[in-house]
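Engineer:
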Amino acid sequence: MQASTSTITGVGGMTLASKSPLLTVVIDNRRLNAVFSIVQLPPRVQCLVGGDILAQLEQPFTELQIQKIQNELHKHHLVIAPEKMQRTTPWKYLGWILTEQIITAQKLNFHTEITTLQDAQKLLGDLQWLRPVVGIPNELLEALRPLLKGTDPAQPVTLTVSQQKILQQITDCVTQGQLRRRSPDLPIDFSVWLGSQYLIGALTQQLKKTGEHWVLEWISPLLQQQKTLLQKTEVLCALIKKGRKRTLQVTGEEPSVIYLPIQTDSLQWYLSQSEELQEALLGATSTIVTTNKTTAPLQWMGTQNWMVKPKREKGPIPNATTVYTDAGKKSQTAAVTWQEKDVWNYKILQAASSDTLQTLELLAMVWAMLNFKGPLNVVTDSLYVAGVVERIEDAAIRQVQNQRLFELFIQLKKAIQMREHPYAVIHIQSHKWGVGLGEGNDKADKLVSMMSIGPLPQHVLARESHSIFHQNAKRLQKEFGIS
64 MQASTSTITG
74 VGGMTLASKS
84 PLLTVVIDNR
94 RLNAVFSIVQ
104 LPPRVQCLVG
114 GDILAQLEQP
124 FTELQIQKIQ
134 NELHKHHLVI
144 APEKMQRTTP
154 WKYLGWILTE
164 QIITAQKLNF
174 HTEITTLQDA
184 QKLLGDLQWL
194 RPVVGIPNEL
204 LEALRPLLKG
214 TDPAQPVTLT
224 VSQQKILQQI
234 TDCVTQGQLR
244 RRSPDLPIDF
254 SVWLGSQYLI
264 GALTQQLKKT
274 GEHWVLEWIS
284 PLLQQQKTLL
294 QKTEVLCALI
304 KKGRKRTLQV
314 TGEEPSVIYL
324 PIQTDSLQWY
334 LSQSEELQEA
344 LLGATSTIVT
354 TNKTTAPLQW
364 MGTQNWMVKP
374 KREKGPIPNA
384 TTVYTDAGKK
394 SQTAAVTWQE
404 KDVWNYKILQ
414 AASSDTLQTL
424 ELLAMVWAML
434 NFKGPLNVVT
444 DSLYVAGVVE
454 RIEDAAIRQV
464 QNQRLFELFI
474 QLKKAIQMRE
484 HPYAVIHIQS
494 HKWGVGLGEG
504 NDKADKLVSM
514 MSIGPLPQHV
524 LARESHSIFH
534 QNAKRLQKEF
544 GIS
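Taking our numbering, the leading residue of the sequence shown gets 64, the next gets one more, and so forth.
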């Protein structure tokens, strides 16, 4: 028996009724209905949770009711276990510890001395179970995923220094993590926060008079990233959908307020540009509030950040430098060319041993992002590269088997994040017309084609270069070392 002011009906702090003492028994529906009808408990108070049954009343169970329930269960050869007869706080139920206001997980002490694969598997299992209560971000768990590699339970496992630090962060999450009991007089909101790099959501309530804000249940993104490049907007939209669905399950209504870590001007931009965000909020009657305020349960996350609109522009940027990139599989080179004061310039990049045509195209893009500081238009005939650049600026990057490709993803993301000015990527189909944007694309293509011919005398290379870029004699002498 658990006497409490509210009940737990699933993971987190959601409740079905206030002032609801609990009776927990394991029994099938046929016997349950017979018992409840005899002791005159209304059907609306019955709730199946896993293999347990909750019986809820507005007032505490009387001794007579308890005795009747025990007697009827005894007729069916069932007995309420002594540990289920809990009459004082804190109450324990399905792995949770309940007080008058706070809910915490019973299993707060977990084994952090990792020496074998079995230890790692057990630790990650415990942490995943704790996520809804303590709000462990995916990025922290993802850093520990490499510990699970292998098939031998006795295989030795060693934590790196960075993994030890992350495990300490997780320990802080677990130590400080808790939920509040739902106040039936207040509406349920949905809040999203952005830490240094990760998003996390929660069903929350707020007391407007004092500004006190508490968490009822954490809502986390999917643990395993399905895409190689996962944008923050995609994670945000998935969280909003999950938060709205969970609130509807609990209350039958939309969240009263949805709090987003996006400043007002950026939110307007996202709403006009992101079809995914439009879909995530479609039909919502909630008030949208922009805030990055840190609540007490999130002190361990440090300063909260804003989601900012990307530096990438969807269309060409007027009066910006325009560069053209191309790559050649046969020549094993990438080329970047641009016009400056009516003079065409270029850069030839040599391939590494592990480069493919795709990675060479990415290499040229990385070079362009790093070496042109002002507003920039980049023209490429690679649809693949254009798609990568469109998504990578704030994306989480999943490890891929091609290590060279993964390295270039990281380099490209860092190069874009270092930029202070906007950029645009323009995809152009390869064609025979050497005018307009096709002129620069044609020059980049000729550069990589020229490199595929093989070793040539410097004066021949100088002549080929002059036919493309029309350098004067002084510049040809300097570039090719000819007299």
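The C-beta atom is built at its ideal place from N, Cα and C for all residues, glycine as well.
Candidates Met428, Ala478, Val313: which alpha carbon is nearest Ser246's?
Structural biologist: It is Val313 whose Cα lies nearest to the Cα of Ser246.
Engineer: Measuring CB to CB, does Leu446 end up less than 7 Å from His490?
Structural biologist: Cβ distance < 7 Å, so Leu446 and His490 count as in contact.
Engineer: Might you give, ordered along the chain, the residues of its own chain that have their beta carbon closer than 8 Å to the beta carbon of Gln181, omitting 5 neighbours on each side?
Structural biologist: Here the set comprises Pro216, Ala217.
Engineer: Quick one: what does DSSP say His137 is sitting in, helix, strand or coil?
Structural biologist: Of the three classes helix, strand and coil, the one that applies to His137 here is helix, per DSSP.
Engineer: Runs of 4 residues minimum, wholly inside the region 279 to 360: which ones carry the alpha helix (DSSP H) assignment?
Structural biologist: Taking only runs of at least 4 residues, the alpha helix (DSSP H) segments lying wholly in the region 279 to 360 are 295 to 314, 327 to 336, 338 to 343.
Engineer: What residues are listed by DSSP as bridge partners for Ser254?
Structural biologist: The partner list for Ser254 (beta bridge, DSSP) reads Ala265, Tyr322.
Engineer: Taking the straight line between their C-alpha atoms, what separation do you get for His276 and Thr267?
Structural biologist: Roughly 7 Å between the two C-alpha positions.
Engineer: In its own chain, which residues sit with a C-beta less than 7 Å from the C-beta of Val429, not counting the 5 before and 5 after it?
Structural biologist: Here the set comprises Leu471, Gln474, Leu475, Ala478.
Engineer: Using three-state DSSP, classify Ile229 as helix, strand or coil.
Structural biologist: Helix at Ile229.
Engineer: Checking 7 Å against the spacing of the C-beta atoms, do Pro318 and Ser349 come in under that value?
Structural biologist: Contact flag set, yes.
Engineer: For the region 411 to 460, which segments carrying the alpha helix (DSSP H) assignment without a break, of at least 4 residues, lie completely within its bounds, in sequence order?
Structural biologist: As far as the region 411 to 460 is concerned, its whole alpha helix (DSSP H) runs of at least 4 residues are 420 to 434, 446 to 455.
Engineer: How about the region 414 to 428 and the region 459 to 471: do they share at least three Cβ pairs that are nearer than 8 Å?
Structural biologist: Contact between the region 414 to 428 and the region 459 to 471 is present, because at least three Cβ pairs lie under 8 Å.
Engineer: Helix, strand or coil for Thr125 per DSSP?
Structural biologist: Coil.
Engineer: Can you name the start and end residues of the beta strand (DSSP E) that Gln260 belongs to?
Structural biologist: It is not in any beta strand (DSSP E) - Gln260 carries neither H nor E in the DSSP assignment.
Engineer: Decide if Thr310 is buried, meaning its Cβ has at least 16 other Cβ atoms within 10 Å, or exposed.
Structural biologist: Looking at its Cβ environment, which holds 16 or more other Cβ atoms inside 10 Å, Thr310 is buried.
Engineer: Three-state secondary structure (DSSP) at Pro219?
Structural biologist: Strand at Pro219.
Engineer: Among the residues of its own chain, which have a CB less than 6 Å from the CB of Gly306, if the five just before and after it don't count?
Structural biologist: Answer for Gly306: Phe253, Gly264, Ile282, listed in chain order.
Engineer: How would you call Pro209, buried or exposed, if buried means at least 16 neighbouring beta carbons within 10 angstroms?
Structural biologist: Answer is exposed; the Cβ neighbour count stays below 16.
Engineer: List the endpoints of the continuous alpha helix (DSSP H) containing Ile479.
Structural biologist: Taken as a continuous stretch (DSSP letters only), the alpha helix (DSSP H) holding Ile479 covers 466 to 481.
Engineer: Helix, strand or coil, according to DSSP, for Gly198 in the structure here?
Structural biologist: Correct three-state label for Gly198: coil.
Engineer: Can you give me the C-alpha to C-alpha distance between Asn368 and Gln128, rounded to a whole angstrom?
Structural biologist: Taking the straight line joining both Cα atoms gives about 53 Å.
Engineer: Is it the case that the Cβ atoms of Leu554 and Ala458 are separated by a distance below 7 Å?
Structural biologist: Any answer about residue 554 is impossible in this case: the structure gives the chain only from 64 up to 546.
Engineer: How many Å lie between Pro200 and Leu262 at the Cα?
Structural biologist: So the alpha carbons of these two residues sit roughly 7 Å apart.
Engineer: Distance check for Gln226 and Ala507, CA to CA, integer angstroms please.
Structural biologist: Rounded to the nearest angstrom, the two C-alpha atoms are 44 Å apart.
Engineer: Any heavy atom of the ligand COA closer than 6 Å to the beta-carbon of Leu468?
Structural biologist: This structure lacks the ligand COA, and indeed carries no ligand of any kind.
Engineer: Where does Val463 sit, in a helix, a strand or coil, going by DSSP?
Structural biologist: It is coil, neither helix nor strand.
Engineer: Cα separation between Arg454 and Cys300?
Structural biologist: Going from the Cα of Arg454 to the Cα of Cys300 covers about 15 Å.
Engineer: So, for Arg194: in the same chain, excluding its five sequence neighbours on each side, which residues have a beta-carbon less than 6 Å away from its beta-carbon?
Structural biologist: Same-chain partners within the cutoff: Ser283.
Engineer: What does a CB cutoff of less than 7 Å around Arg482 pick up in its chain, not counting 5 residues either side in sequence?
Structural biologist: Once the five neighbours on either side are set aside, the close Cβ partners of Arg482 are Lys374, Met432.
Engineer: Going by the beta-carbon positions, is the gap between Pro438 and Ile380 smaller than 7 Å?
Structural biologist: Yes, Cβ-Cβ distance for Pro438 and Ile380 is below 7 Å.
Engineer: Could you pull the DSSP bridge partners for Ile491 from this structure?
Structural biologist: Beta-bridge pairing links Ile491 to no other residue.
Engineer: Below 7 Å CB to CB, which residues in the same chain sit around Pro518 once its five sequence neighbours on both sides are set aside?
Structural biologist: Low confidence applies here, because Pro518 scores a pLDDT of 49, under 50, leaving its location unreliable; read the following figure in that light. No residues qualify anywhere along the chain.
Engineer: Check whether the Cβ atoms of Tyr387 and Val442 lie closer than 7 Å to each other.
Structural biologist: Yes, these two residues count as a Cβ contact at 7 Å.
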